[in-house]
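For what it's worth, our numbering labels the leading residue of the sequence shown as 848, then goes sequentially. Backbone N, C-alpha and C fix where the C-beta goes; we use that ideal spot for every residue, glycine too. Keep in mind the model is a prediction, meaning the values are calculated, not measured.
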Amino acid sequence: MFSLDTTDTWAPHCAVFDCDGVLLDSETLWNDVQIELFDHYDVTVTKELETSLIGSAAEDLAKVITRLSPQAQGKEDFYDQVLAHVKSTELEILDRGVVPIPGTLDFIKKLAAHIPVAVASNSSGELLAVKMQKFGYADIVTTWVSSSDVPSPKPSPDIYLEAVRRLGFSPEQALTVEDSVTGMMAATGAGTRCLIFTPETPEQKELLTAGIGRFDSFKDADLLAQVDRWLASEA
């Protein structure tokens, strides 16, 4: 169900989308793999820990594992080893059932025919490029920005600020789409107008309180009608 929490006449001049959990159905699979990584490094998993890492960069996960793993004791290069393991695992899971979220390709095409579109992700540069090309987004979007391209990943606003800059607009002219608290903080912190793609996790729904509206399907008729109104105002 789509809802919009504003009735003003604002319309986007550009749009920026998160990747995992918004464009790609990868969050559930990645969460399972993340549990495997925690187990591999003898890290005790809590629900709070899982929730805190949704939407985080590989570097953040490697830092948490390094801090909590008993295997890290006495190993100066432990973080680097873990980070390399995490990044190689990220590439491997793309062939383990990751698919585009239903309706996203058509939705992006609809927007991109009228306004420039970017992707802003906490994935590394190498991984994000593979995702964009493998799943058909590379030929649709204007640019994509990874955690490798900016000083700090989400929840810092750097990735969204860079994406909007590349598209040639200011943050207040940008529509962004996010599904995690980490991403929401980055998008709203950058000054963009964020739509929340509501995840299935109840804990996340309770925390995702910012933004200009919410939706749960890219095929929602009310969402598509609102996009048509936005695009018509830009014509």
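If you draw a 10 Å sphere on the C-beta of Pro1000, you find 16 or more other C-beta atoms in it, and that means buried.
The C-alpha of Ala862 lies about 18 angstroms from the C-alpha of Phe849.
Within the region 859 to 909, complete beta strand (DSSP E) segments of at least 3 residues are found at 861 to 864, given in chain order. Looking at the backbone, the Cα of Asp872 and that of Ile948 are separated by about 5 angstroms. Glu1019 and Gly1036 do not touch by the CB rule: their CB atoms are close to 13 angstroms apart, not below 8 angstroms.
With respect to Asp996, Gly972 sits close: the two C-beta atoms are nearer than 8 angstroms. Taking the C-beta atoms as reference points, Val1011 is found no nearer than 8 angstroms to Val988. Around the Cβ of Glu1025, a 10 Å sphere holds 16 or more other Cβ atoms; the residue is buried. Annotation: Arg1040 to Ala1034 spans about 8 angstroms, alpha carbon to alpha carbon. According to the DSSP assignment, Glu1025 belongs to the beta strand (DSSP E) that extends over 1021 to 1025. Val997: not part of any beta strand (DSSP E); DSSP gives it neither H nor E.
Of the candidates Val977, Ser968, Ile955, Thr898, the residue whose Cα lies closest to the Cα of Asp1005 is Ser968. In this chain, the alpha helix (DSSP H) harbouring Ala959 covers 951 to 959.
When secondary structure is reduced to three states using DSSP, Gly1060 falls in the strand class.
Between Lys978 and Cys866, the CB-CB gap stays under 8 angstroms. In the structure shown, the three-state DSSP call for Pro947 is strand.
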